[in-house]
Every structure is written in C-alpha cells, then in structure tokens.
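Visitor: First the structure, then my questions, so here it is.
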Amino acid sequence: MPAWDLLVRGGTLVDPAQSISARRDVAFRGGKVAAVAETLTGEATEVIDAAGALVTPGLIDIHTHVYHGLATGRHADQTSLANGVTTVVDAGSAGWMTLRGLRDYVIPTYQTRVFAFLHISATGLTINRIMPELADIKFAQVEEAARTAAENRGLVLGIKVRIAHGATGQGNQANAREALRRGRQAADLAGVRLMVHVSDTPIPLDEILEHLREGDVATHIFNGNAEQVLGPDGRIRAAVRAAKERGVVLDVGHASIHCDVKVARRAIAEGLLPTTISTDLHTPPAGRIVYNLRALMSKFLALGMTLDDVVASVTSRAAAAIGKSSELGSLVPGMTGDAVVMDLEDGHFTYADGAGNEVKATRRFGTRHVIREGRRLPAAHADQL
102 MPAWDLLVRG
112 GTLVDPAQSI
122 SARRDVAFRG
132 GKVAAVAETL
142 TGEATEVIDA
152 AGALVTPGLI
162 DIHTHVYHGL
172 ATGRHADQTS
182 LANGVTTVVD
192 AGSAGWMTLR
202 GLRDYVIPTY
212 QTRVFAFLHI
222 SATGLTINRI
232 MPELADIKFA
242 QVEEAARTAA
252 ENRGLVLGIK
262 VRIAHGATGQ
272 GNQANAREAL
282 RRGRQAADLA
292 GVRLMVHVSD
302 TPIPLDEILE
312 HLREGDVATH
322 IFNGNAEQVL
332 GPDGRIRAAV
342 RAAKERGVVL
352 DVGHASIHCD
362 VKVARRAIAE
372 GLLPTTISTD
382 LHTPPAGRIV
392 YNLRALMSKF
402 LALGMTLDDV
412 VASVTSRAAA
422 AIGKSSELGS
432 LVPGMTGDAV
442 VMDLEDGHFT
452 YADGAGNEVK
462 ATRRFGTRHV
472 IREGRRLPAA
482 HADQL
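Residue 102 is where the sequence shown starts when you use this note's numbering, and the numbers rise one by one after that.
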C-alpha cells in the first residue's frame, strides 16, 4: 500500500506560517498534510513534479460573492478553485432572510470551501442592483441577524455592513451611522467579527474605524475616494495606523473600483501593507474588470510587496483573519491538505484599476496544479474573470 496519496516533489515551498521558503517535498494522506521534508521517500498513488515551481498553502480569498444565481454572484469553483483558491468567504451576499438559499442550495454544489459574513441587511445583496439595500434602515435587523449568525457558526464568521452611498443611500449619513451601529451590535450579540465596506463612504473613515476592534475587517482599504487611508497631506491617516496596531484587518477587496493604484503604491511605500489581499469577486457591471486572486498577487508583487508578504496575505494572514489558523493557511503536517503549485512567470504584464491607472509587472503567478484536501484538481490560467 502506498505511503502517500499524493506527493508533491521538488518545488520551492513558500509557507510564511512556518518561515519556510526553500526546496521541500510535501506529502498528503487522508485529506491532510502528512509530511514535509527536504526529501521524502516512499511510494505515492500520485506524484506531482514541482521542480522550478512554487508550492504554497491553498489560497484564501476573504472577500468574494459566490451566491451563484444572484445578479452579483459568481460560481466559486469556476472562478476561484481553478485558480488555486481553495477557501473563499462570501462577504455579505446573504442576509438573515436569504442565508438558507446560500447554505442549503448553493454551497453544497461547490468543491470550494465556503464561509460567509452575514449582511446586516435582511435581504443581503439580492436587491442592490435595483436599490440600496440599507436605504430603508428597517432592513437592518439586529436580533435576527445575530440569531442567524449564532445558529450558523460553522458557516457564518461575522456580520457585514456596507457603509457606502450605494448601500445606505446617496449622502445619507444618518442611515450610514445607524447601519454601522446596528452591525456592531449584531456582531457583539453573536460574538463574531464585523466586516465593514469603507469605500465611497458618506461618513468619515476615522469615525468608521473607531467602531472596529481587534479581528474586525476594514475592506477596500486602498480605494481612491475622498475618505481614504491617505489624508489631505498625502500621508497615512493616524486613525488607520492606530487601527492596524490594535489588530484590525486591513483588506484590499479589490473589485474594479475599490483599489486605486496610486493610493496602494503610496501606502505600501509608507510601510502600510494590507493584512489580506482579496478580490471582491462578483459579476461586475459592463465595462469593469475583476481580477482573480492569483492576478492580484502578481499586481501587489509589482507594487513592491515581497514574495513572502504576498503569499502570507492570502494564506497565513488570511487564515488568521477568519479565525482558521489551526486548520488552514499552512502546510504543517496534520493540517487540511490544501495547496497550490504555481509558476512565477517572467514577461510583461499589465494590471489596471477602475480609475485608468496601470501597474506594469515583469512577473506573474501562473497556476500549475490545485490540491484540495489532498486531491489534485484542474487548474485555470486566465487573469481576468
């Protein structure tokens, strides 16, 4: 009987959680990581030759919309898993009234592992292409959201609030403040995290950050709108640095319009790295580009982040951000057997943002093999979704 179900041989393991960036063999058995060593012997049912490639833990995208069938929803396996993303977090597609559809009918069709943040709006994003989901604050129902989150702890990681003109109503500061208050209250009642959309906000960013504690998530941190991480002097706002120091997760949530290249470049140059890189995967309006997570890794590598920081932002730090470090985000023996084998390709590549800015890259990540619970799956190669 073979010692291993799958053996990945000869690749460069990049596993920031273990401070490893060196040649290693990685073996899987029974859906778990079985062994990691410079050289592993023994027979395997399947062997992957990873010579010349990077091997990382399975990628984690903490901001997606995979309620397939909604106007904004994408299919997780087609858009994420095939690109090496073995775990996604749906960021508020469902509210308490619509979670059962996601839980009972959509997620069971996926091979991708899915967690969720529950929208404070009862409807989630089912109506947001027609009207703002929090234009009527009655939709923000604290007790129902908290109860639903508490009853679905295996799925729901936290509460999501979109503090944006397009969510609370154009210029509606009262709704924005009340939605934020109710989101905080629901998260506290359920004992879970709070994720807040901070792009195009009707209220000051500093005010929003005051509500966020260690483990909470501020997503779209590099947006180019008026209330951004850079102050009027072009420097990082003190409130942003304070939030990061107290453990608030600063998440990219790229989408097409929520990550301005100029803001990201300046912030990174000043030492403000994102805690996590995420896609805000969704079906965009016509004319907008949404990149997959692997492409965003390439983009942030070109913006000046190190290879280890880029990988950490989608593995170990992403796992910590969702409270799953004991299971995901590293290839320590005994952990879940999710991994990706990637090439770091040389060439000339261009990554755009919604403001017309571009990043020129000379390297990009290319997916060679995807491994989910110790089993090899098909890989995809396109950057755009």
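Every residue gets a Cβ at the ideal spot worked out from N, C-alpha and C, and that includes glycine.
This structure is a prediction, so every number in the text was calculated from the model and none was measured.
So is H355 in contact with chain D if we call contact Cβ pairs under 8 Å?
Guide: This model lacks chain D altogether; it includes just one protein chain.
Visitor: Taking 8 Å as the cut-off, decide whether the C-beta atoms of V262 and L281 are in contact.
Guide: Here residue 262 refers to the residue found at position 161 of the sequence shown. Here residue 281 refers to the residue found at position 180 of the sequence shown. Yes.
Visitor: Helix, strand or coil: which one does DSSP assign to L445?
Guide: Your numbering for residue 445 matches position 344 in the sequence shown. Strand, per DSSP.
Visitor: Can you list, in chain order, the stretches of the alpha helix (DSSP H) that have 4 or more residues and sit fully within the stretch 222-304?
Guide: Whole alpha helix (DSSP H) segments, 4+ residues: 243-252, 266-269, 274-291.
Visitor: Answer with buried or exposed for Q271, where buried requires no fewer than 16 other C-beta atoms within 10 angstroms of its C-beta.
Guide: Position 170 of the sequence shown, counting from 1, holds the residue named residue 271. Its Cβ having fewer than 16 others within 10 Å, Q271 is exposed.
Visitor: When you compare each of R342, M443, G335 to L310 by their alpha carbons, which one comes out closest?
Guide: On the sequence shown, position 209 is the one that residue 310 refers to. The shortest Cα separation from L310 among R342, M443, G335 belongs to R342.
Visitor: Who pairs with P158 in a beta bridge, going by DSSP?
Guide: For the purposes of this step, residue 158 is taken as the residue at position 57 of the sequence shown. For P158, which the question treats as bridged, DSSP gives the partners A440.
Visitor: Between which two residues does the beta strand (DSSP E) holding K461 run?
Guide: Within the sequence shown, the letter at position 360 stands for residue 461. It spans 459-473 - the beta strand (DSSP E) in which K461 sits, taken as one unbroken run.
Visitor: Counting Cβ pairs, one atom from each stretch, are 3 or more of them under 8 Å apart for the stretch 145-160 and the stretch 412-421?
Guide: The answer is yes - the stretch 412-421 touches the stretch 145-160, with three or more Cβ pairs under 8 Å.
Visitor: Can you find a heavy atom of the ligand ATP that lies under 7 Å from the Cβ of I260?
Guide: In terms of ligand content, the structure shown is empty, and the ligand ATP therefore cannot be addressed.
Visitor: Anyone know if the C-beta pair for S379 and D116 falls short of 8 Å?
Guide: Here residue 379 refers to the residue found at position 278 of the sequence shown. Here residue 116 refers to the residue found at position 15 of the sequence shown. Contact: no.
Visitor: Cα-Cα, which of L107, D106, A104, L114 is closest to D409?
Guide: Looking up residue 409 in the sequence shown gives position 308. For D409, the nearest C-alpha among the options comes from L114.
Visitor: Is the stretch 163-176 touching the stretch 119-131 in the sense that three or more CB pairs, one from each, lie closer than 8 Å?
Guide: No, the stretch 119-131 does not touch the stretch 163-176.
Visitor: Evaluate contact between the stretch 177-189 and the stretch 126-145, counting only Cβ atoms and requiring at least three cross-stretch pairs below 8 Å.
Guide: Short answer: they don't touch.
Visitor: If you measure between the beta carbons of F216 and L256, is that distance less than 8 Å?
Guide: In the sequence shown, residue 216 corresponds to position 115, counting from 1. In the sequence shown, residue 256 corresponds to position 155, counting from 1. The answer is yes: Cβ separation under 8 Å.
Visitor: May I ask you to report which of helix, strand or coil DSSP gives F401?
Guide: In the sequence shown, residue 401 corresponds to position 300, counting from 1. If DSSP states are grouped into helix, strand and coil, F401 belongs with the helices.
Visitor: Taking the straight line between their C-alpha atoms, what separation do you get for S427 and R254?
Guide: By one-based count along the sequence shown, residue 427 stands at place 326. By one-based count along the sequence shown, residue 254 stands at place 153. The alpha-carbon atoms of S427 and R254 are separated by roughly 16 Å.
Visitor: Can you give me the Cβ contacts of E328 inside the same chain, cut-off strictly under 7 Å, excluding the 5 residues immediately before and after it?
Guide: Residue numbering aside, residue 328 sits at position 227 when the sequence shown is read from its first letter. Cβ neighbours of E328 beyond the five flanking positions: T302, P305, L306.
Visitor: Start and end of the beta strand (DSSP E) containing K363?
Guide: The count along the sequence shown starts at 1 and reaches residue 363 at position 262. First-last for K363: 362-370, but that is the alpha helix (DSSP H), not the beta strand (DSSP E).
Visitor: Return the chain-ordered ranges of every alpha helix (DSSP H) run that is complete within the stretch 108-189 and spans a minimum of 4 residues.
Guide: For the stretch 108-189, whole alpha helix (DSSP H) runs of length 4 or above, ordered along the chain, are 177-180.
Visitor: Which two residues bound the contiguous alpha helix (DSSP H) that contains V318?
Guide: By 1-based counting over the sequence shown, the position of residue 318 is 217. Per DSSP, V318 belongs to no alpha helix (DSSP H); it is in the beta strand (DSSP E), 318-320.
Visitor: Could you give the C-beta distance for R493 and I149, rounded to a whole number, given that I count them as a contact under 8 Å?
Guide: The requested residue 493 is not part of the displayed model; the chain covers only 102 to 486.
Visitor: Are P434 and A135 closer than 8 Å when you measure CB to CB?
Guide: On the sequence shown, residue 434 is found 333 positions in, with the first residue counted as 1. On the sequence shown, residue 135 is found 34 positions in, with the first residue counted as 1. Yes.
Visitor: Given a threshold of 16 other Cβ atoms within 10 Å of its Cβ, counted over all protein chains shown, does D205 qualify as buried or as exposed?
Guide: As a first step, residue 205 must be located in the sequence shown, where it is residue number 104. The residue in question, D205, is exposed, as its Cβ has fewer than 16 Cβ neighbours within 10 Å.
Visitor: Of the choices G193, S357, M296, whose alpha-carbon is the least far from that of V349?
Guide: Indexing the sequence shown from 1 puts residue 349 at position 248. Of G193, S357, M296, the residue nearest in Cα terms is M296.
Visitor: Out of F401, K345, I161, Q119, which has the shortest C-alpha to C-alpha gap to T463?
Guide: The residue given as residue 463 occupies position 362 in the sequence shown. With distances taken between Cα atoms, T463 lies closest to F401.
Visitor: Between the C-alpha atoms of D191 and A151, what's the straight-line distance to the nearest angstrom?
Guide: Working through the sequence shown from its first residue, we reach residue 191 at position 90. Working through the sequence shown from its first residue, we reach residue 151 at position 50. Between D191 and A151, the C-alpha separation is close to 31 Å.
Visitor: Just confirm the distance between the C-beta atoms of G405 and A370, as a whole number of angstroms; I'd bet it's less than 8 Å.
Guide: Looking up residue 405 in the sequence shown gives position 304. Looking up residue 370 in the sequence shown gives position 269. Going by Cβ atoms, the distance from G405 to A370 rounds to 7 Å, so yes, they are a contact pair.
Visitor: Does the separation of the CB atoms of T384 and V353 fall below 8 Å?
Guide: Residue numbering aside, residue 384 sits at position 283 when the sequence shown is read from its first letter. Residue numbering aside, residue 353 sits at position 252 when the sequence shown is read from its first letter. It is not a contact, given that the beta carbons lie outside the stated cut-off.
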